[in-house]
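Presented below is the structure to which this report refers.
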Amino acid sequence: MRGADLMTWLLCAASALVVSGCSGDDNSGASGSATDSITDSATDTGPNSTSQDPTTTTNNSTTSGTTGTTESMSTGPESTTDAADCLALDEATESPDVGRVLCCRSVAADFPSISTTLVAVTVTIDGDTPVGGEYDSGLLFLEEVTTGDRALLGSTADKAFDVRVFPGRYRVVYEVDRAQEKAPINTRAVVLESVTIASHMDSLAIDVKTVELSGALLVDGVPPVKSSYDAAEIELYDAATDSRTVILDTAKTHMVSARVIPGEYELRYAVTDIGTEMPRNGDAALKAVTVDEGPTFSLGDIAVATVALDAGVTIDGEAPPPSELDNAEIYLVDRDTGDRIFVGETMNGKLGPARVIGGPARRYDLRYAALKSQSLPINEWSLLAADVDAGSMPASIDLPTALVSGSVEIDGGPAPQGEPEESALISLERSDDRAILGATKDGPFQRRVLALSSYDVIYGHEASSGVVPANNQARIVEDYAAGDALALNVETTLLSGTIKVGGAPPPASVYDNGRLFLRSADGDVVALGETRFGGFERRVVNKVYDVVYSVDTAGGMVPSNVDYVVEQLDLTTEPVAEKSVDIDVPAESFTIKLNFDNPAEAVERGRILVRLEGTEELLYVGEITEGMTAHLSGTLVPGTYGIFFQADRGGFGIPANQGAMISCMTFDG
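First residue of the sequence shown? That's 60 in my numbering, and the numbers climb one at a time after it.
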């Protein structure tokens, strides 16, 4: 890949950071045009990772910032090398606020020094020096605006401190530690929308503004009874930080009294102990509020109106069995928050007694979940009704069912029966719902399901020695109407072949090993084999697959990559009984060094990780524990990688950042 084609990937930072090919380096792989801003094309599918925790982040751009609405202007390239050594930003790019430019260099090239900044931080609360000490304090963080890279600055109790970070544009976030009188109780809140840390000694003054909040909760027009067994909380939900702060507990009081940071919030209701009077919603949005700056702010009356549910439940027009051994649960699901609210069981023949928050603007979905079934539908999470007003539910809810019968063949012959080592589950699925019909080892099946929608028929193996296919989630029939006879024939291919790594036989060692998978676009996965065996044989359903490699144990010979697509395999165009496929996983060893502009202190440590374009995993390649140089090495598939820094212990000699992108490397096979 060259030039602009190199970098349509990595992170969601299109307006924050540009990565370029290097025009001054013959091995850089640069073209004559500028690269695009970084975007993320990773997907969340495939085998489980054995790599580092993917704290997927980049360093933000160095721009002029404000305390309030984000506003910035270009400061020009602030590269770790001469600006002339990197390609200029494309004039057509709609990102005039891009600051620092990173070069994407070949692993054979010399990498420029990585610049850092020691920031002198001073903290005030409402304009005054904090006086409460560690028992009335909060923590302050720098966070990269779009990706979540963060660096701990320190505690408000420290009042003033120095911390080293990478240059860039950040927001400042407050998190309560212990609050008594002056420190706000916010779990997380933005106190500065945008600040710029330049690549030289810098200072940062942070004033944490607070306001004393008041208000009162009324349930159906009256204050709730104070009880530990029938209680709820009122929370401030902060969408900017996806955090919740409790401002009222009805077990103690119905009055709000809390010191918080001014800003935009949503009031949320959350039951803590289910009784008879308080609604049992676990997460209900009440209303949006703007808490203005000032000494005090009143929320007024927080009104919650409730509905008592008492609708009857029937199955095909008949009363359901009054037995715990033949029983299902009924739920309301809040369409805004996804909160699941248990409202009844079929064995009781009705919903309730259950009280929930009502009102025509509050909409729910009604769901069915089987517990134990002898005659009831076996659906695990079926949608009974969508977009329901809890106050307008019918007096009785009837659940129509259908009996599903069928059998399974493999390539035109009956599936093995009575053989646990050769068996698969057949299930019906629709959205979040599933109904397991039976196992092929048990022969023909007959089960009752809800007849409210069509289903897809799914094959998922339990065990396979080569007779039944090894697929985990193969869709073999679409839009099946429950009640129709199911005569299933699963068409398969026996795949076999050799495995190579970098064109050579792989190590026959569990300590230097990778795994190969087949993965289809609909999420089906087949475990194909391990590199240490040098070959594989698997029976699979005829589909189109990606052949995916993921490291098991990196010992130096197999690449450390996770979720890497080696090639595509199409078994649908010309189905055959057997097919030979030889797989060669590309692998290249590399060694580079990164120099920082400041040495690590004796107790500090920073890990260096890389991320391949088109994937989301961070892979460990080295660390810095002393001096100014990190020596990086490993075996990877060829490609273009972002280089990331993750502090284990840092903040003075090396930066405190937990996921900053600091450089970029590329190499070909």
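In this text, a Cβ means the ideal position worked out from N, Cα and C, and glycines have one as well.
- Of all alpha-carbon atoms in A367, E323, S316 and D351, the one lying nearest the alpha-carbon of P338 is that of A367.
- Looking only at V305, V584, G709 and E675, the smallest Cα-Cα distance to Y328 is reached by V305.
- Listed as beta-bridge partners of E626 by DSSP are V606.
- Here G712 has R223, N657, P658, A659, E660 and E663 as same chain residues with Cβ atoms under 8 Å from its own Cβ, once five neighbours each way along the sequence are excluded.
- About 16 Å separates the beta carbons of D448 and G411, which is beyond the 8 Å limit, so they are not a contact pair.
- Take the alpha-carbon of D187 and the one of D491: they are about 53 Å apart.
- For V319, the CB contacts under 8 Å within the same chain, skipping 5 residues up- and downstream, are P243, I244, N245, A248, T269, V270, L272, L295, T304, I306 and V350 in chain order.
- Within the model, the alpha-carbon separation for S466 versus P379 is close to 28 Å.
- Using a Cβ-Cβ distance cut-off of 8 Å, the region 444-460 and the region 500-519 are in contact, since at least three pairs of beta carbons, one from each stretch, lie closer than that value.
- Taking C-beta atoms as the reference points, V560 and V617 count as a pair closer than 8 Å.
- Take N620, set aside five residues on each side of it, and the residues of its chain with a beta-carbon closer than 8 Å to its own are Y608, S609, V610, L671, T674, E676, L678, L695 and V696, in chain order.
- Within the region 284-314, the runs of beta strand (DSSP E) at least 3 residues long that lie entirely inside it are, in chain order, 290-297 and 302-308.
- C-alpha of S434 to C-alpha of G408: approximately 15 Å in a straight line.
- With at least 16 other beta carbons inside 10 angstroms of its own, K500 counts as buried.
- DSSP places D375 in no beta strand (DSSP E); its state is neither H nor E.
- In this structure, V569 keeps its C-beta atom at 8 Å or more from the C-beta atom of T631.
- Spatial neighbours of V584 in its own chain (CB-CB distance under 6 Å, excluding positions within 5 residues in sequence) are listed in chain order as N531, F576 and R578.
- When secondary structure is reduced to three states using DSSP, A216 falls in the helix class.
- Ranked by how close their Cα comes to the Cα of I361, the residues I535, G693, G371 and V281 have V281 in first place.
- Unbroken beta strand (DSSP E) runs of no fewer than 3 residues, entirely contained in the region 419-474, are found at 423-431, 441-447, 455-458 and 460-469, following chain order.
- A distance below 7 Å between beta-carbons, with the five flanking residues on each side excluded, links A343 to the following residues of its chain, in chain order: R327, Y328, D393, T396, D398 and I416.
- Taking the Cα of G614 as reference, the smallest distance to any Cα among T650, G573 and D641 is reached at G573.
- For A347, the uninterrupted beta strand (DSSP E) run begins and ends at A343 to V350, by DSSP.
- Taking the CA atoms as reference points, G227 sits about 24 Å from V680.
- Residue nearest to S639 within the set E685, A706 and L554 is L554 (criterion: CA-CA distance).
- Between I256 and F225, the alpha-carbon positions lie close to 8 Å from each other.
- If you compare the alpha carbons of D236, F220 and Y229 with that of Y194, the shortest gap goes to D236.
- Here the alpha carbon of R426 sits roughly 25 Å from the alpha carbon of F504.
- DSSP places Y570 in the coil class of the three-state scheme, outside both helix and strand.
- Cα atoms of M720 and L442: separation of roughly 44 Å, rounded to the nearest angstrom.
- Straight through space, the alpha carbons of F356 and A219 are spaced by roughly 29 Å.
- In this chain, the beta strand (DSSP E) harbouring T557 covers T551 to V560.
- Boundaries of the beta strand (DSSP E) around T725: A719 to F726.
- Under DSSP, Y194 forms no beta bridge with any residue.
- Taking R422 as the centre and dropping the five residues before and after it, the same chain places the C-beta of R394 and D446 closer than 6 Å to its C-beta, in chain order.
- Under the three-state reduction of DSSP, R414 is assigned to strand.
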